[in-house]
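Asker:
Residue numbers (this note's numbering): 281 to 460.
Next comes the structure, spelled out in structure tokens:
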């Protein structure tokens, strides 16, 4: 899933992930799935706040500041309890390597079962080598995408990778987007 900065990629992916996990919990495993969400940009607490806001109908700002009205508190508690029951595993470790994603995904699959992986976002993952130039970065992104495909094949589950497109497209003659 690619888009320019601040276009809602993370919000959409969090919504997909939570709703898949919620459907799994509510259907006794007949629908939806168990989801691993690797968030390399946002903290797990921020993602949880977004989910709580969406599920409770309380503004994210009110939740962050702790300004929840008395009449909204019950909805907040119910949303929190529902959230604790869903099989959504958020890993917010920064600068993960593709190897670490593979290892953690295998472990989750073995321990809890796993039906989908979301990576937010692709350019923040590291490959196996050290990066010295832009051309090496292109090779590193290729290595990372091959690694994600290998994880999907090995674990037999979909992997959704978010990617940020460069704003530099506006300055170019050819307006076609490219990976940043």
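Think of the CB as a built atom: it goes at the ideal place given N, C-alpha and C, for glycine as much as any other residue.
#1: Does at least one heavy atom of the ligand SAH sit under 7 angstroms from the Cβ of residue 422?
#2: Alpha carbon to alpha carbon, how far is residue 350 from residue 300? Give it in angstroms, no decimals.
#3: My guess is that residue 368 and residue 399 are in contact by the Cβ rule of under 8 angstroms, so how many angstroms apart are they, rounded?
#4: If the criterion is Cβ atoms closer than 8 angstroms, does the pair residue 378 and residue 407 meet it?
#5: Only counting the same chain, and skipping five residues up and downstream in sequence, which positions put a Cβ closer than 8 angstroms to that of residue 366?
#6: What first and last residue would you give for the beta strand (DSSP E) that runs through residue 400?
#7: Taking DSSP's pairing of strands, which residues face residue 370 in a bridge?
#8: Would you please verify whether the beta carbon of residue 362 is less than 8 angstroms from any beta carbon of chain D?
#9: Helix, strand or coil for residue 284 per DSSP?
#10: In chain order, which beta strand (DSSP E) runs of at least 3 residues are fully inside the region 291-336?
#11: What are the boundary residues of the alpha helix (DSSP H) that includes residue 338?
#12: Candidates 375, 394, 441: which alpha carbon is nearest residue 314's?
#13: Can you look up residue 445 in the DSSP assignment and give me helix, strand or coil?
#14: Work out the CA separation of residue 289 and residue 339 for me, nearest whole Å.
#15: Do you know how far the Cα of residue 419 is from the Cα of residue 495?
#16: Would you kindly report the start and end of the unbroken alpha helix (DSSP H) that includes residue 378?
Answerer: Checking against the coordinates, here is how it stands:
#1: As far as ligands go, the structure on display features none, and thus does not contain the ligand SAH.
#2: Along the chain shown, read from residue 1 onward, the residue named residue 300 stands at position 20. Along the chain shown, read from residue 1 onward, the residue named residue 350 stands at position 70. Cα to Cα, residue 300 sits roughly 30 angstroms from residue 350.
#3: By one-based count along the chain shown, residue 368 stands at place 88. By one-based count along the chain shown, residue 399 stands at place 119. Not a contact, Cβ separation roughly 14 angstroms.
#4: Indexing the chain shown from 1 puts residue 378 at position 98. Indexing the chain shown from 1 puts residue 407 at position 127. Less than 8 angstroms divides the Cβ of residue 378 from the Cβ of residue 407.
#5: Within the chain shown, the letter at position 86 stands for residue 366. Cβ within range, chain order: 298, 301, 302, 304, 305.
#6: Position 120 of the chain shown, counted from the start, is the residue given in the question as residue 400. Run containing residue 400: 396-400, per the beta strand (DSSP E) assignment.
#7: The sequence position of residue 370 within the chain shown is 90, counting from 1. Looking at the DSSP output, residue 370 bridges to 317.
#8: In summary, chain D is missing from the structure at hand, where a single protein chain is found.
#9: Along the chain shown, one-based indexing puts residue 284 at 4. Residue 284 carries a coil assignment under DSSP once its states are collapsed to helix, strand and coil.
#10: Fully enclosed beta strand (DSSP E) runs of 3 or longer: 315-319.
#11: If you number the chain shown from 1, residue 338 lands on position 58. Unbroken run through residue 338: none, as it is neither H nor E.
#12: Looking up residue 314 in the chain shown gives position 34. Of all alpha-carbon atoms in 375, 394, 441, the one lying nearest the alpha-carbon of residue 314 is that of 394.
#13: Locating residue 445 in the chain shown gives position 165, where the first residue counts as 1. The answer is strand: DSSP assigns residue 445 an E or B state.
#14: Start at 1 with the first residue of the chain shown, and residue 339 comes out as number 59. Start at 1 with the first residue of the chain shown, and residue 289 comes out as number 9. Roughly 19 angstroms separates the two Cα atoms.
#15: The question about residue 495 has no answer here: the residues shown for the chain are numbered 281 through 460.
#16: Translated into the one-based positions of the chain shown, residue 378 becomes position 98. Run containing residue 378: 378-392, per the alpha helix (DSSP H) assignment.
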